[in-house]
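Remarks on the structure that follows.
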Ligand code: 0WE
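Residue numbers (my numbering): 7 to 262.
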């Protein structure tokens with residue numbers, strides 16, 4: 007363990023689909039800082055993969071959670087309560103849009119693709135916050151992952167842009183609702199990382215090359231760096247920060 011920053015605290019981490027997922031790095035970082043973790047997996051076929059991370063964390067409980075279903079979210083939080091009667095927060099690291107809507111012209115985006123992207127990538131934060139708050143009886147922190155494609159046009163990010171804009175706005179509205187209960191809500195806006203989901207994107211490596219030569223820090227960012235910022239936002243070090251979007255992007259947002 008590095009510090010006891012999260013000692014005695016308990017968190018749910020969503021979105022750890024494989025070892026390159028940002029959520030995987032976040033779960034490990036929470037463990038390093040003394041926090042307890044429950045991992046969620048989307049469906050039975052992903053259970054085995056997530057169990058490797060669970061073992062790494064010394065047997066973190068695993069719970070099935072399909073954020074596309076209110077019923078699944080409610081059941082999952084009921085299950086979390088069996089392991090963690092008091093919850094100090096959760097990490098939302100989930101996004102999805104149909105592959106065909108992540109290429110070509112944004113103007114061609116289908117109604118169904120737009121709705122799905124918003125449902126899975128944005129509304130899911132609201133659904134989770136509503137259920138999780140009943141366990142967050144001593145306050146706590148919620149952190150979600152976003153991307154600068156929400157406020158600037160990134161070729162091919164397309165339908166995910168409005169979905170992330172919606173997510174960031176939801177962060178502010180949730181912060182206002184849950185603040186009186188001592189619950190903070192923030193987002194980390196990560197620079198591009200070659201996760202399994204991202205690597206399927208056309209010319210992703212060209213984008214990484216451009217950032218490497220143009221960001222203020224002249225490099226890209228790692229999942230571990232995103233995870234460290236997430237630990238900060240989950241910890242009491244950030245106790246006066248809520249409704250915020252923190253860019254962990256080697257300065258790209260300011261200079262490119
Ligand atoms: O938010 C994301 C990606 C989220 C994502 C990725 C996929 C790929 C596979 C959502 N849905 C899908 N659906 C699939 O079928 N990022 C921030 C990573 C990302 O994705 C991009 C990027 C970056 C950066 C897509 C186009 C351009 C840049």
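We treat Cβ as the ideally placed atom computed from N, Cα and C, and that holds for glycine.
All of these numbers come straight from a predicted model, not from anything done at the bench.
- A distance criterion of 6 Å places the beta-carbon of residue 198 in contact range of the ligand 0WE, judged by its closest non-hydrogen atom.
- CA-to-CA, the gap between residue 65 and residue 32 works out to about 16 Å.
- In this structure, residue 206 has its CB closer than 6 Å to one or more heavy atoms of the ligand 0WE.
- With contacts defined by Cβ atoms closer than 7 Å, residue 199 and residue 99 do not form a contacting pair.
- Residue pairing for residue 45: DSSP places it in a beta bridge opposite 19 and 68.
- Between the ligand 0WE and residue 160, a heavy atom-to-CB distance of less than 6 Å is present.
- Under DSSP, residue 146 shares a beta bridge with 189.
- Taken from the Cβ of residue 102, at least one heavy atom of the ligand 0WE lies inside 6 Å.
- When beta bridges are read from the DSSP output, residue 195 appears opposite 152 and 253.
- Cβ-Cβ distances below 6 Å link residue 188 to 145 in the same chain, with the five nearest sequence neighbours on each side left out; the list follows chain order.
- By the Cβ-count criterion, residue 231 is buried, with 16 or more other Cβ atoms from all chains shown falling within 10 Å of its own Cβ.
- Cβ contact annotation for residue 82 (same chain, cutoff 6 Å, sequence separation greater than five): 69 and 71, in chain order.
- Counting only the Cα atoms, residue 56 lies some 9 Å from residue 30.
- Sorting 103, 111, 240 and 174 by C-alpha distance to the C-alpha of residue 250 places 174 at the top.
- DSSP places residue 160 outside both helix and strand once states are collapsed to three, so it counts as coil.
- Under a 10 Å Cβ-count criterion, residue 255 is classified as buried, with 16 or more other Cβ atoms of the shown protein chains found around its own Cβ.
- Excluding the 5 residues flanking it on each side, residue 90 has same chain C-beta neighbours closer than 6 Å at 16, in chain order.
- DSSP places residue 73 outside both helix and strand once states are collapsed to three, so it counts as coil.
- Scanning its chain for C-beta atoms nearer than 6 Å, with the 5 sequence neighbours on each side dropped, one finds around residue 244 the residues 238, in chain order.
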